[in-house]
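K.L.:
Residue numbers (the numbering used here): 8 to 252.
Backbone N, C-alpha and C define an ideal beta-carbon position, used for all residues, glycine too.
Every value quoted in this text rests on a predicted model; they were computed, and no experiment measured them.
Questions regarding the structure given below will be posed in turn.
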């Protein structure tokens, strides 16, 4: 079983989100894999309702770490859980690099998800500068430690998504051999903090043409797609190809 996650980001407006979710519900292809989409906050409830009768799960792209209160513009993990969310993206590179989200904030959001009963999908990754300066492992080690050190995972699930920042949205993904190596490294690093088998996904410029080159690797437990996940035909092609694994 592989994880097929689609981050809709802010690519779709409300009506486009509704239309895409209806298309997915109408086709409703049976799959041996776990399929999850992450719509915008605006469309979340409607998308969740449209997909409720399918095997496609949903999650928000971000959460607040407090359940409720005077936090203008925020929506909590607990509130999304009440709406039917199963997962939540946490610490996506765009949250970190565009909005200044810190490792400390990522940790708080992970804890909030676990408390609310959501499965956090923790995004980690290095920038182009960190890669060229040989600081990739240093950056990943720091991000992993901040999330997993003394984290209580008893009876709970968590997923890690490795997304090299330098490859996101560029059309030039990490080479499969390189992705294989770094996913193996991440999994070994995670063993320092937990005996649980933590799924590790790949996410950066994934599309229907290259998806099998990643999913065919035993170190990669699934993919987190962006732009390809908001195009119905492209996403269906990814889902179909994943059945070949």
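Would you mind listing the beta strand (DSSP E) stretches within the region 96–158 that are 3+ residues and don't spill past its ends, in chain order?
P.N.:
With a minimum length of 3 residues, the continuous beta strand (DSSP E) runs that stay inside the region 96–158 are 126–131.
K.L.:
Contact defined as beta carbons within less than 8 Å: I believe residue 235 pairs with residue 213. What is the distance between those atoms, to the nearest angstrom?
P.N.:
Within the chain shown, numbered from 1, the residue matching residue 235 stands at position 228. Within the chain shown, numbered from 1, the residue matching residue 213 stands at position 206. With 8 Å as the limit, residue 235 and residue 213 qualify as a contact, their Cβ atoms being about 6 Å apart.
K.L.:
Output yes or no for whether 7 Å exceeds the beta carbon distance between residue 215 and residue 244.
P.N.:
Here residue 215 refers to the residue found at position 208 of the chain shown. Here residue 244 refers to the residue found at position 237 of the chain shown. Against a cut-off of 7 Å, the Cβ pair of residue 244 and residue 215 comes out as a contact.
K.L.:
Residue 92 to residue 28, Cα distance in whole Å?
P.N.:
Translated into positions along the chain shown, residue 92 becomes position 85. Translated into positions along the chain shown, residue 28 becomes position 21. For residue 92 and residue 28, the distance between alpha carbons rounds to 15 Å.
K.L.:
Which residues in the same chain have their Cβ closer than 8 Å to the Cβ of residue 193, if we skip the five residues on either side of it in sequence?
P.N.:
Reading the chain shown from its first residue, position 186 is the one you call residue 193. Result list for residue 193: 131, 147, 151, 167, 169 and 207, in chain order.
K.L.:
Among the residues of its own chain, which have a CB less than 8 Å from the CB of residue 37, if the five just before and after it don't count?
P.N.:
For the purposes of this step, residue 37 is identified with residue 30 of the chain shown, where counting begins at 1. Only 62 meet the Cβ criterion.
K.L.:
By how many angstroms is the C-alpha of residue 100 removed from the C-alpha of residue 107?
P.N.:
Against the chain shown, residue 107 aligns to sequence position 100. Against the chain shown, residue 100 aligns to sequence position 93. Computed Cα separation, rounded: 10 Å.
K.L.:
Based on Cα-Cα distance, which residue from 68, 73 and 134 lies nearest to residue 45?
P.N.:
One-based indexing of the chain shown puts residue 45 at position 38. The shortest Cα separation from residue 45 among 68, 73 and 134 belongs to 68.
K.L.:
Among the candidates 34, 189 and 227, whose CA atom is the shortest distance from the CA of residue 133?
P.N.:
One-based indexing of the chain shown puts residue 133 at position 126. Comparing Cα positions, the closest option is 189.
K.L.:
Using three-state DSSP, classify residue 169 as helix, strand or coil.
P.N.:
Taking the chain shown and counting its residues from 1, the one referred to as residue 169 is at position 162. Here residue 169 sits in strand by DSSP.
K.L.:
Which residues in the same chain as residue 174 place their Cβ atom closer than 6 Å to its Cβ, once the five residues preceding and following it in sequence are excluded?
P.N.:
Translated into the one-based positions of the chain shown, residue 174 becomes position 167. Closer than 6 Å at Cβ, skipping near neighbours: 180, 181, 211 and 212.
K.L.:
Do you know how far the Cα of residue 220 is from the Cα of residue 191?
P.N.:
Against the chain shown, residue 191 aligns to sequence position 184. Against the chain shown, residue 220 aligns to sequence position 213. Each residue's Cα considered, the two are about 16 Å apart.
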